[in-house]
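Asker: Chains as they are written, first to last, in the numbering used here: chain P, 207 to 523; chain F, 207 to 523; chain Z, 207 to 523; chain R, 207 to 523. Using N, Cα and C, we set each Cβ at its ideal position, and we do this for glycine too.
4 protein chains.
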Amino acid sequence: MTRTEPCHDLAHLGHVELLSAKPQESLDFFINVMGMTEAGRDGQSVYLRGWDDYEFHTLKLTEFKTSGMGHVAFRTWSPQALERRIKVLEAEGRGIGWVDGDLGHGPAYRAKAPDGHIFELYYDTKWYEAPPELRPALKNQAQRYPARGCNVRRLDHLNLLVTDVTKTREFLDTCLGMRCTEQIMLDSGVEAGAWMTATNKTYDIAFTRDNTGTPGRFHHVTYAVDSREDILRCADIFLEAGVFIETGPHKHAVQQTFFLYVWEPGGNRIEIANAGARLMLAPDWKPIVWTETERKKGQAWGLKTVESFHTHGTPPV
Amino acid sequence: MTRTEPCHDLAHLGHVELLSAKPQESLDFFINVMGMTEAGRDGQSVYLRGWDDYEFHTLKLTEFKTSGMGHVAFRTWSPQALERRIKVLEAEGRGIGWVDGDLGHGPAYRAKAPDGHIFELYYDTKWYEAPPELRPALKNQAQRYPARGCNVRRLDHLNLLVTDVTKTREFLDTCLGMRCTEQIMLDSGVEAGAWMTATNKTYDIAFTRDNTGTPGRFHHVTYAVDSREDILRCADIFLEAGVFIETGPHKHAVQQTFFLYVWEPGGNRIEIANAGARLMLAPDWKPIVWTETERKKGQAWGLKTVESFHTHGTPPV
Amino acid sequence: MTRTEPCHDLAHLGHVELLSAKPQESLDFFINVMGMTEAGRDGQSVYLRGWDDYEFHTLKLTEFKTSGMGHVAFRTWSPQALERRIKVLEAEGRGIGWVDGDLGHGPAYRAKAPDGHIFELYYDTKWYEAPPELRPALKNQAQRYPARGCNVRRLDHLNLLVTDVTKTREFLDTCLGMRCTEQIMLDSGVEAGAWMTATNKTYDIAFTRDNTGTPGRFHHVTYAVDSREDILRCADIFLEAGVFIETGPHKHAVQQTFFLYVWEPGGNRIEIANAGARLMLAPDWKPIVWTETERKKGQAWGLKTVESFHTHGTPPV
Amino acid sequence: MTRTEPCHDLAHLGHVELLSAKPQESLDFFINVMGMTEAGRDGQSVYLRGWDDYEFHTLKLTEFKTSGMGHVAFRTWSPQALERRIKVLEAEGRGIGWVDGDLGHGPAYRAKAPDGHIFELYYDTKWYEAPPELRPALKNQAQRYPARGCNVRRLDHLNLLVTDVTKTREFLDTCLGMRCTEQIMLDSGVEAGAWMTATNKTYDIAFTRDNTGTPGRFHHVTYAVDSREDILRCADIFLEAGVFIETGPHKHAVQQTFFLYVWEPGGNRIEIANAGARLMLAPDWKPIVWTETERKKGQAWGLKTVESFHTHGTPPV
């Protein structure tokens, strides 16, 4: 199916549901170390948010027997856009059906991606209303700056592990209308990673090949802060809090994002990132293709990619 | 005309043509102080760019008898989107007609905004190809980081002075499909300023009331850098270069952008700005309305808005 | 008395005792907004510290009927250095006598400066021992990074209001062996301000003329943070906390320090500052003398000095 | 020899003479990539400086058949202090004798450190006088901010490779009056590194064990910039310039300095560093002793120390 014009049906990444077998430790990590705010709780889930996320929540932390991702959700630009996407998902045999929504949003349509990850699309949402003690001084901000821990600002993107990068890329292109901005192609011709966007961010989702061959795993979710200096301070804070720093801070060659990776107590990988003023503005951007040789050079300033980056995913194998 | 779905015809602000009666001094300012690169020259114009602008140029500096803006141009998402916009512009009686384009892009359609400013829309463009000595180390970057002067990264937005804010806002909404994200409403009911976007940036264009009552003037054009710290360093650089710093660095209350305003030798106001990780992601954002009383508080941390900000525009009255 | 060699008797500024008629509000400000730690309390005083102050405390907050400074204390390089200073203080008729010390240090010698401010000198001190929950991850750091509020790192300097700048400067030179690094001289020949150091910091104490003619008042005490970006974030935090921002963030022309001034609830002015990598290394530095004309240009990037800076001191007149 | 009071004879690190067999490439590196300024040239040497070094030069780049350090020089607090140090050097059998000085300073006294490195002490110096085009906007700054390349501010410290860390430490303590602030002690009882200061900087010189067993080699010289963000930008600049980045940017556990190491074209290791607001203020600081186990944890946030850090020195073995 060839598109005659770029698709603008997805507005942005909405939220990610993370699973944890250590829900209390995970919650403490997100609240006190990451500096997030609890927006509400329901059943086995706590709804969390960065201080400038406009919706009720962007992270749903759910108690589970193991780690990993429950689902990921994207908000559409309009109810009509949602209908259009559902039509394609059903035509492609990817649709699962409607769910009721939860504390943070209304009815959502679920689909299964090629590797088994659950994607939700929704338009009806709940805007966050800060209680008096969390009202910001400036009315164009969702919530008061917490001045606690890492003070993450907003959800940025997520990364999945997949057994077939190409299939997942085609699914996101065809069914969700996302655009691929950068890719890794191995010498063997196998596609090892892809970065895709639905916005002017250079990527909203990335996925890399799972070297263990296990389908449907989760790699990381990323929150954005305002500067690279903020990320250096986050590293100090993680060190003090005894959080395992997997790698960074450093600058990615792919997408040039300044990054820091840690593992939350439940085992899920969390990234803090800053993209500077880099945006994807070109409507006709051709995907940047990174070769195996280029990838072996390591990150932008030469840091070698840590081995666990290709193997550690959640749930563990 | 009510829109049933958000419009996505404009891709982004493309370039601004600035006029200067001191072309050599202005050029020296943009190259050596701002750290921009000359992409080419033609007739009385020099084409300039920030190091990560993907197009050939984002600033066309043209020798003229006085200062001000020649025209502003937006790139559309597709040829079809351009056709749709032309149809509306003509229906609204705003169309002027096609022009041939220049060194930086192909044919463009011109329109006249309510205050007389010239807007161009185009899709055919010329991607920048860096000569060998300016090729970047990372292939996902348009050009080598210059390591000279302010090192501005990319064009961000422009600001116009208008005699009727409401009319200009309605023009940008109806004819170009832009969304208003923030506004200033005086106690008298007069709209004194508006900020509009066609992207996930919180604004691509702003316009404020010209207190002198002169139509069609230019307020400023803004280049983005990667951090607030970059802007503090820019202030040091402007000081050393003897460039007039009008106000800043400080943080706007409206849109929360960290800013620094200077006047280039030709008299045009130039801003260096950083938005942190702030983006406009909500498809259903309601414009933030700032009252006269709120504006009197000054900028975010209390700096009073300088008087010249409401009167200095180009060309001078 | 001419010195044949530079004096090295003072090691550094030790602590400042601030008075407040709103002790609870002031304490909340220092703990929750400034991010300081309570080290202990005794009588009407609470002992406070930045996270990398090596001594027990650097700020003694004392309940009093009004605001202002109780005393300021400098630590000497050795017991012998203390004896030498006392000898000079007594010879100059400035000595008051020994006091017992308090929770934070041992016996100290008190002297009265020309304008009536109380100075203490001491060598015996109490090194801070962090309780288990505040122990840092790195053993070369005094205390865990709090990740709360402004996270001020360490005491930097203080500023006094005086009726006679020259007399105070001569006192600090002759009696304490401090060196003057920068000065303000009015066209009338009156010295309006001086900055003096006992270390490689470019100043440990400053004093400016009290335009109200009141002797013995306090202007501000300053805590250092690691970057200018930290100070911009502090401004966000003060805004959210409803703390009055008097002026800044901006860069001083004198000493080039990046600054931010606020008033704590008790009325005392507090500065957050960063000096970058600037140090006073030259043993034969000649004081920089700023003229009245130069001062009228405002701060480094042009911000005019606010009127209250010359009149607001504590206690109020 | 026990000291009854701390010694204050050394004022600061004055300059380092680096040798290069590729003098033109090295010079281009220091001028265009590091952003340093040529102050003068004489014979086979070029005198270089950071923009806020107050002396004529802080780096003397000398053409030689190989790489390495020619000498390192410290300025004393006074002529008398110089005499005192010479007396001790001669008593300890370390003295070599007077040399005439060069373009940057007057007569200097040379001594040989235990590993054979040449140390110079001097008091007579030449303050830098900026030519008109390099005069700064603010009179308390040595030279105009260059706005070119890395813009290093000032010389910070140097690091030597030695065969016997303890002997070198004792030499610097006894003969030069420096204080040890941090040390590495291996499980075997061998001292593997030491950091010493003559100022309020936490170190002016460091030296680590040369794993190749070669005496008298050079490890690196360090220039300071104002912020950690500056160092991140330096990494971008080194990448663009094709300069080999050995390791970093990252934060040292020892001394907590934020660092970036590169090799200049002549092979000498160069560091760009920022210490934040960290200073050595305590007159009675006890050296922090790092164990072998602690060192194996890597740098502050976990980056492993690269192998070349223990073997690459100049001249090459």
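1) Can you tell which of F:Y429, F:H277, F:D248 and F:P313 has its C-alpha closest to the C-alpha of F:E289?
2) Give the interface partners of Z:E446 over in chain P, defined as CB-CB distance under 8 Å, in chain order.
3) I need the DSSP call for P:V396, collapsed to helix, strand or coil.
4) Would you kindly report the start and end of the unbroken beta strand (DSSP E) that includes F:A412?
5) How far does the alpha helix (DSSP H) with R:T499 in it reach, from first residue to last?
6) Extract the residue ranges of the beta strand (DSSP E) inside the region 352-395 of chain P, only unbroken runs of 3 or more that lie entirely within it.
7) Rounded to the nearest angstrom, what separates Z:F270 and Z:E326 at their Cα positions?
8) Ignoring anything shorter than 3 residues or poking outside the region 256-313 of chain F, list the beta strand (DSSP E) runs there in chain order.
9) Buried or exposed: which applies to R:F414, given that a residue is buried once 16 or more other Cβ atoms fall within 10 Å of its Cβ?
10) Taking the alpha-carbon of P:R341 as reference, which of P:Y260, P:A217 and P:R484 has the nearest alpha-carbon?
11) What are the residues of the region 413-443 of chain F that lie near chain R, defined by any Cβ-Cβ distance shorter than 7 Å?
12) Does the beta carbon of P:L487 come closer than 8 Å to any beta carbon on chain F?
13) Cβ closer than 8 Å: which chain R residues qualify as neighbours of P:A481?
14) Of all the options F:G395, F:S433, F:A353 and F:T380, which has the alpha carbon lying nearest to the alpha carbon of F:N238?
15) For a test of the three-state rule: what should DSSP assign to R:R316, helix, strand or coil?
16) In terms of DSSP beta bridges, what is Z:Y467 paired with?
17) When you compare only the Cα positions, how much space is there between R:T380 and R:V294?
18) In the structure shown, what three-state DSSP assignment does R:S251 receive?
19) Taking the beta strand (DSSP E) that F:A217 belongs to, which residues open and close that run?
20) Rounded to a whole number of angstroms, what is the C-alpha to C-alpha distance between P:T387 and Z:P229?
21) Can you find a CB in chain B that lies within less than 8 Å of the CB of R:W507?
22) Under the DSSP definition of a beta bridge, which residues are partnered with F:G519?
23) Would P:F236 be called buried (16 or more neighbouring beta carbons within 10 Å of its own) or exposed?
24) Per DSSP, which residues does F:H426 bridge with? Please list them.
25) Does R:D451 come within less than 8 Å of chain P when only Cβ atoms are used?
26) Using the three-state DSSP reduction, which class does F:L233 fall into: helix, strand or coil?
27) Expressed to the nearest angstrom, what Euclidean distance is found between the alpha-carbon atoms of F:K373 and F:R300?
28) Hey, is R:K407's beta-carbon within less than 8 Å of any beta-carbon in chain Z?
29) For F:W401, I'd like the list of residues in its chain whose CB is within less than 8 Å of its CB, leaving aside the five on either flank, ordered along the chain.
30) What would DSSP say about Z:V239, mapped onto helix, strand or coil?
31) Pull up the distance between the alpha-carbon of R:A343 and that of R:T520, whole angstroms please.
32) Assign F:G395 to buried or exposed, taking buried as 16 or more other Cβ atoms, counted over all protein chains shown, within 10 Å of its Cβ.
33) How about F:G399 and F:V427: are their beta carbons less than 8 Å apart?
34) Going along the chain, which residues of its own chain have a beta-carbon closer than 7 Å to the beta-carbon of F:R247, five neighbours each way excluded?
35) Would you call the region 462-477 of chain Z and the region 488-504 of chain Z touching, i.e. three or more CB-CB distances under 8 Å?
36) Does F:A245 come out as helix, strand or coil in the three-state DSSP assignment?
Answerer: Quick answer:
1) F:P313
2) P342, A343, R350, Y351 and A353
3) coil
4) I411 to R415
5) E498 to K502
6) 360-368 and 385-391
7) 19 Å
8) 265-269, 274-282 and 301-305
9) In the sequence as displayed, the identity of residue 414 of chain R is Thr instead of Phe. Buried, by the Cβ-count rule.
10) P:Y260
11) S433, E435, D442 and I443
12) yes
13) Residues of chain R passing the Cβ test: none, with the nearest at roughly 13 Å.
14) F:A353
15) strand
16) Z:T453 and Z:E477
17) 8 Å
18) strand
19) L216 to S226
20) 57 Å
21) You won't find chain B in this structure, because its protein chains are P, F, Z and R.
22) Paired residues: none, contrary to the question.
23) buried
24) F:N365 and F:R475
25) According to the sequence displayed, residue 451 of chain R carries Ile and not Asp. Closer than 8 Å to some Cβ of chain P, the Cβ of R:I451 qualifies, so yes.
26) helix
27) 12 Å
28) yes
29) C386, T387, E388, Q389, T408, Y409, I411, A412, V460 and Q461
30) helix
31) 39 Å
32) exposed
33) no
34) Y253
35) no
36) strand
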